[in-house]
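As numbered in the numbering used here, residues 1037 to 1222 make up the sequence shown, in order.
Using N, Cα and C, we set each Cβ at its ideal position, and we do this for glycine too.
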Amino acid sequence: MKRRKAERSQQVTEVSEPGELVRLYDEDVSLVWWRLPVLPDAEAVLRREPFVWTGEVGAAGTELEALGALVESASVLERARRLVELHSALFEVDAVGVRVTLTQTPLCPSFHVSRQHCQLLTALAGDGTQWVRGPLYAVNETSAVEQLPSAAVGWFKGREWPDIMPVAHRSPAVTARRLVMSIDLL
């Protein structure tokens, strides 16, 4: 007998290498995350002028060169390119939608579930994305809030993923600067 979405578990799985990202396809996994080292020039990048960069990026990530003038960081560009390549390979697509934002205000201050199939979220610098388990309608001030470490990458299943109860997520409610990258399927 198939369980309804509301009765499904919401496993959150940490992986230690790219080959383990296929755990995302496990039936009850709602979030897979990978701890990466903080970028060596993260603090310098956070002192740049705030910006938003968006683009359709091919699987090789070459279009990310346009981001270079905004971040002035080879390590940010290399990390972004690597994540585009991984996300594209994981879903066997030729291009993805990328958004990179340097901000001091929460981009998504309320808990929500992505409308996408699966969204990659990472704070390339600054505080990581927060999430709570349980159905979105049950999220309240007593919910246990968990948070990705800075530079960690999360693959959050969304509403379009069949037969899964996604975890609700948000930006941390702080006013510290963050360099946030999201990758969506087109």
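*asked:* Just to confirm, is the Cβ distance from Ala1161 to Leu1122 under 9 Å?
replied: no
* Beta-carbon proximity check, Leu1103 vs Leu1119, cutoff 9 Å -> no
Point to revise | Environment of Met1037 [buried if 16+ CB atoms lie within 10 Å] | key: Confidence is the limiting factor: at Met1037 the pLDDT is only 42, short of 50, which leaves the residue's position unreliable, though a coordinate-based value still follows. Counting Cβ neighbours within 10 Å, Met1037 comes out exposed, since fewer than 16 surround it.
- Which residues does DSSP pair with Gln1183 in a beta bridge? Gln1166
How is Arg1214 classed by DSSP in three states: helix, strand or coil? strand
- Leaving out five residues on either side along the sequence, give the residues of the same chain with a beta carbon under 6 Å from the beta carbon of Val1134. Only residues of its own chain outside the window of five on either side were considered, and among them Gly1091, Val1093, Ile1219 have a CB closer than 6 Å to the CB of Val1134, listed in chain order.
For the beta strand (DSSP E) containing Phe1087, list its first residue and its last residue. 1087-1094
| Neighbourhood of Asp1049 by C-beta distance below 6 Å, restricted to the same chain and skipping five residues each side | The question names Asp, but residue 1049 is Thr in the sequence shown. Hits under 6 Å: Arg1059, Val1065, Val1068.
For Ser1109, count the other beta carbons within 10 Å of its own beta carbon; 16 or more makes it buried, fewer makes it exposed. Which is it? buried
*Mark Gly1055 as exposed unless 16 or more other C-beta atoms lie within 10 angstroms of its C-beta, in which case mark it buried.*
exposed
Using alpha carbons as the reference points, say which of Val1051, Val1136, Leu1075, Ser1052 lies closest to Pro1086.
Val1136
Review point. Straight-line CA distance for Arg1040 to Glu1063?
Key: Here the model assigns Arg1040 a pLDDT of 47, short of 50, so the residue's position is not dependable, and the following value carries that caveat. Between Arg1040 and Glu1063, the C-alpha separation is close to 13 Å.
(message) I believe Arg1195 touches Pro1202 by the beta-carbon criterion, under 8 Å. Please report the beta-carbon distance rounded to the nearest angstrom.
(response) 7 Å
(message) For Val1149, which residues in the same chain have their Cβ closer than 7 Å to its Cβ, ignoring the five residues on either side in sequence?
(response) Leu1172, Gly1194, Arg1195, Pro1202, Ala1204
* Gly1097, DSSP secondary structure in three states -> coil
| query | How should Ala1180 be labelled, buried or exposed, when 16 other C-beta atoms within 10 angstroms of its C-beta is the threshold for buried? | reply | exposed
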